Amino acid sequence: CRTLIDQMCRTVRDLALGLRPSMLDDFGLQPALEWHVRDLMQRSGVDVELTVEGDLETLPDRHRTCIYRAVQEALTNVIKHAAATKAHVRVSYDDCIGLEITDNGNGSRRVRSDGHGLVGMRERVALYGGTIQAGFADGDGFRVRASLPLEAAP
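The sequence shown runs -8 to 145 under my numbering.
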């Protein structure tokens, strides 16, 4: 029983850290994304390139969390559905926050717009007045694009 309880506690702690890693507060969004990408590459074997444009550390905390979770969910979908060998994550910040995740996989050609991952991303981004478009990229692969204004929607 003690081993089972210890294992359950580790699982709950890992889930909590995955949802909002303390690294996001301690070091910022870019280092948290870099850590997530490295961890995902080690676990999955998918080569992920991360490009960051702009100073993400000046973003409000809620926007940093939203971006982190959207990247996390999009990359999870790449691993689960795309059969990809490469992915690229681009986060930009100028007058608004832009996010694009692409992969070279074939994925499932039957994209479920009601899948929990995309629905969760859409709801999270819409909460801050943003939008997401998801669909097949030119040629092979899949693309998720998000745009978030800095001011939250009323």
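Cβ atoms here follow ideal geometry from the backbone N, Cα and C, with glycine treated the same way. Given the structure is predicted, the values throughout are model-derived calculations rather than measurements.
Environment of ARG115 [buried if 16+ CB atoms lie within 10 Å]: The residue labelled residue 115 in the question sits at position 124 within the sequence shown. Buried: at least 16 other Cβ atoms inside 10 Å.
Pop quiz: GLY45 and ASP85 are said to be a contact at Cβ under 8 Å. What is the actual Cβ separation, rounded to whole angstroms? The count along the sequence shown starts at 1 and reaches residue 45 at position 54. The count along the sequence shown starts at 1 and reaches residue 85 at position 94. The pair is a contact, with the Cβ atoms about 6 Å apart (cut-off 8 Å).
Under 8 Å between the Cβ atoms of ALA73 and GLY96? Within the sequence shown, the letter at position 82 stands for residue 73. Within the sequence shown, the letter at position 105 stands for residue 96. For ALA73 and GLY96, yes; Cβs fall inside 8 Å.
What are the start and end residues of the beta strand (DSSP E) that includes THR76? To locate residue 76, count along the sequence shown from 1; it is residue 85. Run containing THR76: none; DSSP gives neither H nor E here.
When burial is assigned at 16 or more other CB atoms within 10 Å of the CB, is ARG55 buried or exposed? Along the sequence shown, one-based indexing puts residue 55 at 64. With 16 or more other Cβ atoms within 10 Å, it is buried.
When VAL62, HIS79, LEU118 are compared against GLU142, the one with the closest alpha-carbon: Looking up residue 142 in the sequence shown gives position 151. Among VAL62, HIS79, LEU118, the Cα nearest to that of GLU142 is on LEU118.
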